[in-house]
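Chemist: In our numbering, the protein residues as written are 1 to 602.
Ideal Cβ positions, reconstructed from N, Cα and C, are used throughout, including at glycine.
Small disclaimer: the values here were computed from a predicted structure and weren't measured.
What follows is a single structure, and I will ask about it in a moment.
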């Protein structure tokens with residue numbers, strides 16, 4: 001006879017089953033990154049510093065994965081002490097900020113999310129092995145923080161990663177994704193570097209795959225790329241968001257399975273490798289075993305301040321690489337560096353043309369995409385690829401332009417640099433070539449353009465003190481590598497051309513003046529300047545004692561005073577002997593003598 005369970009017991013069992021399956025449904029985080037921008041200091045007296053924080057999440061879109069989250073919790077911590085900033089609604093988070101305060105934390109509720117994204121597969125083409133469609137989600141909010149000289153940490157965590165990861169132990173579906181950003185103080189206003197490509201990529205099994213982790217820094221800082229260990233839980237979680245009570249300590253690194261590590265994310269042995277270019281972020285991957293592999297890429301920003309290079313902060317990208325079996329199709333090929341250099345140096349004001357090209361042996365359709373901050377759209381920097389000034393997506397620091405072809409694809413990148421665009425670190429041009437044929441592969445590389453300018457003059461020679469005005473003096477600029485000079489004067493006028501060197505200046509202001517010399521490049525760009533202040537110091541009144549009327553054929557002795565002790569006077573204009581303060585004059589006719597005290601301001 002069948003038995004019916006009591007209703008209360010049936011309900012308990014159903015609840016238990018729901019709890020048992022919940023972790024699998026909650027696994028949806030493929031990776032992400034966290035960035036920020038310092039905006040201004042126009043907040044209230046209690047919290048004047050205004051920052052924008054962005055959390056980017058790659059959501060698993062496979063069947064059975066949890067739905068994307070509708071919020072992103074962030075904790076703010078004092079960089080000097082590690083103490084958590086207890087945020088207050090209406091003080092730190094204002095109306096329209098895109099976030100609310102929850103338990104003293106910042107809970108970002110403003111977001112955008114893409115449709116399902118996945119590599120395109122041509123009709124009739126089969127690619128075996130794991131697949132990983134995803135949705136790209138961006139949480140963006142503004143926060144006001146108190147005055148600081150050291151800065152802040154912004155920390156994010158969310159559970160959980162997908163359960164089918166090959167190289168790291170996701171601890172029974174409970175391993176979270178944790179990220180943090182270092183918010184610089186207003187004395188070093190900064191914006192995080194922004195990655196120029198997405199963080200989910202296909203790696204072809206038993207082949208070399210090139211992937212872009214290149215980032216663009218709006219402040220022109222030098223970027224250094226390295227692999228890191230993915231972050232998981234915190235040792236000191238607090239509150240409902242499991243964010244840390246203090247920060248640091250940094251999040252715990254997730255444990256790798258045996259045989260895997262930060263240096264060997266695909267395992268050891270021939271054919272498994274991960275190589276990252278520390279200067280460009282271009283990665284080369286090779287893997288022998290199909291699966292899903294987590295890799296973390298750190299980007300450190302360095303800025304030269306007062307002649308010393310200082311690390312500004314680190315931005316992490318937590319990404320997932322899908323190793324699949326690809327058809328044995330030849331990859332597109334870029335010309336070797338000997339024929340197409342990867343680095344260029346030009347002087348500001350100079351034009352540069354780079355003729356990009358790529359080929360594919362089977363004649364498949366190719367798409368070349370060029371991504372660069374130089375392609376910032378109409379009205380910006382004067383650069384084009386294939387005739388396009390670039391299309392800039394909302395919130396992006398870079399623009400893109402494309403060219404297409406079958407078997408061969410080519411396009412000219414033209415950069416007409418302007419005065420003021422020289423900087424210490426290069427402009428990156430990321431080039432990606434995608435084979436749109438069956439089993440087509442993607443290749444990528446980064447080309448770098450450094451814009452320099454000549455050095456300006458370092459010294460100005462000429463009279464820096466004059467006795468009276470008006471007075472005309474001659475000055476010469478020296479030093480530097482610029483071929484020309486441009487002068488600017490305050491307190492006088494230039495006699496003749498302002499680009500002459502030497503230059504003549506007529507000083508007219510009794511209060512003195514200023515003389516500025518700047519170099520002029522061959523393209524008409526101005527260099528840094530050297531400045532000299534000109535002072536007007538009236539000379540002393542000299543007194544002459546002695547007989548100034550004499551008979552012809554006789555002499556007279558004079559004594560000079562008025563310029564102070566130890567001054568070496570000079571007497572010119574006629575026959576004279578003597579030195580110091582006493583001179584014998586022997587004119588043969590009525591003569592005008594001139595007496596100078598050169599040590600007393602001429």
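Just the C-alpha distance for residue 294 and residue 225, rounded to the nearest angstrom, thanks.
Modeler: As a position in the chain shown, residue 294 is number 294, starting the count at 1. As a position in the chain shown, residue 225 is number 225, starting the count at 1. Cα to Cα, the separation comes out at about 17 Å.
Chemist: To which residues does DSSP link residue 515 through a beta bridge?
Modeler: Taking the first residue of the chain shown as 1, we reach residue 515 at position 515. DSSP lists 489 and 532 as partners of residue 515.
Chemist: For residue 555, name the three-state secondary structure that DSSP assigns.
Modeler: Counting from one through the chain shown, the residue named residue 555 turns up at place 555. DSSP places residue 555 in coil when its eight states are reduced to three.
Chemist: Of the residues 39, 54 and 45, which one's Cα is nearest the Cα of residue 33?
Modeler: Here residue 33 refers to the residue found at position 33 of the chain shown. Ranking 39, 54 and 45 by Cα distance to residue 33 puts 54 first.
Chemist: When the cut-off is 7 Å and only beta carbons count, does residue 366 lie next to chain C?
Modeler: Annotation note: the requested chain C is absent from the structure, which comprises a single protein chain.
Chemist: Is residue 473 closer than 7 Å to residue 487 when the C-beta atoms are compared?
Modeler: Residue mapping note: residue 487 aligns to position 487 of the chain shown, counting from 1. Residue mapping note: residue 473 aligns to position 473 of the chain shown, counting from 1. In this structure, residue 473 does not lie closer than 7 Å to residue 487 by Cβ.
Chemist: For the structure I just gave you, are there three or more beta carbon pairs, one from the stretch 341–348 and one from the stretch 372–380, closer than 8 Å?
Modeler: Output reads no: the stretch 372–380 does not touch the stretch 341–348.
Chemist: Quick one: residues in its chain with C-beta nearer than 6 Å to the C-beta of residue 118, no 5 flanking neighbours on either side, listed in chain order?
Modeler: In the chain shown, counting from the first residue as 1, residue 118 sits at position 118. For residue 118, where only same-chain residues beyond five positions count, the Cβ hits under 6 Å are 133.
Chemist: Leaving out the 5 sequence neighbours to the left and right, which residues in its chain are closer than 6 Å to residue 273 when beta-carbon positions are compared?
Modeler: On the chain shown, residue 273 is found 273 positions in, with the first residue counted as 1. The residues are 286.
Chemist: Suppose you measure from the CA of residue 78 to the CA of residue 96; what does that come to, to the nearest Å?
Modeler: In the chain shown, the residue the question calls residue 78 occupies position 78. In the chain shown, the residue the question calls residue 96 occupies position 96. Near 24 Å, if we compare the C-alpha coordinates of residue 96 and residue 78.
Chemist: If you check the beta carbons only, do residue 512 and residue 494 fall under 7 Å apart?
Modeler: In the chain shown, residue 512 corresponds to position 512, counting from 1. In the chain shown, residue 494 corresponds to position 494, counting from 1. The answer is no: Cβ separation not under 7 Å.
Chemist: Alpha carbon to alpha carbon, what distance is there between residue 216 and residue 158?
Modeler: By 1-based counting over the chain shown, the position of residue 158 is 158. By 1-based counting over the chain shown, the position of residue 216 is 216. Those two C-alpha atoms are separated by around 26 Å.
Chemist: Given the structure, does residue 538 come close to the ligand GDP, in the sense that its CB is under 6 Å from one of the ligand's heavy atoms?
Modeler: This structure does not include the ligand GDP; it has no bound ligands of any sort.
Chemist: Express the C-alpha separation of residue 410 and residue 439 in angstroms, rounding to a whole number.
Modeler: Here residue 439 corresponds to residue number 439 of the chain shown, with the count starting at 1. Here residue 410 corresponds to residue number 410 of the chain shown, with the count starting at 1. The alpha-carbon atoms of residue 439 and residue 410 are separated by roughly 21 Å.
Chemist: Scan the stretch 156–241 and note each continuous beta strand (DSSP E) run of 3 residues or more that stays entirely inside, going in chain order.
Modeler: List check, beta strand (DSSP E) in window: 177–183, 200–204, 208–212 and 222–228.
Chemist: Return the chain-ordered list of same chain residues with a C-beta closer than 6 Å to the C-beta of residue 561, the five sequence neighbours on each side being excluded.
Modeler: For the purposes of this step, residue 561 is taken as the residue at position 561 of the chain shown. Hits under 6 Å: 543.
Chemist: Assign residue 28 to one of three DSSP states: helix, strand, or coil.
Modeler: Counted from its first residue, the chain shown places residue 28 at position 28. Three-state result, residue 28: coil.
Chemist: Apart from the five residues just before and just after residue 508, which ones in its own chain have a Cβ nearer than 6 Å to its Cβ?
Modeler: The sequence position of residue 508 within the chain shown is 508, counting from 1. Result list for residue 508: 469, 470 and 492, in chain order.
Chemist: Going by DSSP, what residues sit across from residue 386 in a beta bridge?
Modeler: If you number the chain shown from 1, residue 386 lands on position 386. Paired residue(s): none; residue 386 is not in a bridge.
Chemist: Between the Cα of residue 35 and the Cα atoms of 405, 156, 386 and 304, which residue gives the shortest distance?
Modeler: Translated into positions along the chain shown, residue 35 becomes position 35. It is 156 whose Cα lies nearest to the Cα of residue 35.
Chemist: Comparing alpha-carbon positions, which option in 90, 75 and 68 lies nearest residue 47?
Modeler: Your numbering for residue 47 matches position 47 in the chain shown. Residue 90 is the option with its Cα nearest to residue 47.
Chemist: Return the Cβ separation of residue 109 and residue 116 in integer angstroms, given the expectation that the two are a contact with Cβ distance under 8 Å.
Modeler: Locating residue 109 in the chain shown gives position 109, counting from the first residue. Locating residue 116 in the chain shown gives position 116, counting from the first residue. Actually they do not touch by this definition, with Cβ atoms about 23 Å apart.
Chemist: For residue 365, does the three-state DSSP call read helix, strand or coil?
Modeler: Stepping through the chain shown from its first residue, residue 365 is reached at position 365. Here residue 365 sits in strand by DSSP.
Chemist: Report, in whole angstroms, the separation of the C-beta atoms of residue 454 and residue 480, which I expect to be a contact under 8 Å.
Modeler: By 1-based counting over the chain shown, the position of residue 454 is 454. By 1-based counting over the chain shown, the position of residue 480 is 480. Contact flag correct, Cβ pair sits at about 7 Å.
Chemist: Whole angstroms is fine: what's the gap from residue 275's alpha carbon to residue 302's?
Modeler: Along the chain shown, read from residue 1 onward, the residue named residue 275 stands at position 275. Along the chain shown, read from residue 1 onward, the residue named residue 302 stands at position 302. Spanning the two alpha carbons is a distance of roughly 22 Å.
Chemist: What are the complete beta strand (DSSP E) segments, minimum 3 residues, inside the stretch 259–322?
Modeler: Within the stretch 259–322, the complete beta strand (DSSP E) runs of at least 3 residues are 273–276, 282–286 and 291–305.
Chemist: DSSP state of residue 247, grouped into three classes?
Modeler: Residue numbering aside, residue 247 sits at position 247 when the chain shown is read from its first letter. DSSP places residue 247 in coil when its eight states are reduced to three.
Chemist: Which one of 243, 400 and 412 has the shortest CA to CA distance from residue 85?
Modeler: Counted from its first residue, the chain shown places residue 85 at position 85. Among 243, 400 and 412, the Cα nearest to that of residue 85 is on 243.
Chemist: Name the two residues that bound the continuous beta strand (DSSP E) containing residue 407.
Modeler: The sequence position of residue 407 within the chain shown is 407, counting from 1. Here residue 407 belongs to no beta strand (DSSP E), and DSSP marks it neither H nor E.
Chemist: Which same chain residues end up closer than 7 Å to residue 222 when comparing Cβ atoms and leaving out the 5 residues on each side of it in sequence?
Modeler: What you label residue 222 is simply residue 222 of the chain shown in a count that begins at 1. Cβ within range, chain order: 302 and 425.
Chemist: One question on the structure: do residue 178 and residue 161 come within less than 7 Å of each other, judged by their Cβ atoms?
Modeler: Counted from its first residue, the chain shown places residue 178 at position 178. Counted from its first residue, the chain shown places residue 161 at position 161. Cβ distance not < 7 Å, so residue 178 and residue 161 don't count as in contact.
Chemist: For residue 596 and residue 557, I'd like the C-alpha separation in whole angstroms.
Modeler: For the purposes of this step, residue 596 is taken as the residue at position 596 of the chain shown. For the purposes of this step, residue 557 is taken as the residue at position 557 of the chain shown. When rounded, the distance between both Cα atoms is 17 Å.
Chemist: Under the three-state reduction of DSSP, which class applies to residue 138: helix, strand or coil?
Modeler: Numbered from 1 along the chain shown, position 138 holds the residue referred to as residue 138. Strand.
Chemist: Who pairs with residue 459 in a beta bridge, going by DSSP?
Modeler: Here residue 459 corresponds to residue number 459 of the chain shown, with the count starting at 1. Paired residue(s): 478.
Chemist: In angstroms with no decimal places, state the Cα-to-Cα distance between residue 362 and residue 407.
Modeler: Position 362 of the chain shown holds residue 362. Position 407 of the chain shown holds residue 407. Cα to Cα, residue 362 sits roughly 7 Å from residue 407.
Chemist: Going by C-alpha to C-alpha distance, which of 67, 388, 153 and 452 sits closest to residue 38?
Modeler: Here the question's residue 38 lines up with position 38 in the chain shown. Comparing Cα-Cα distances from residue 38 to each of 67, 388, 153 and 452, the minimum goes to 153.
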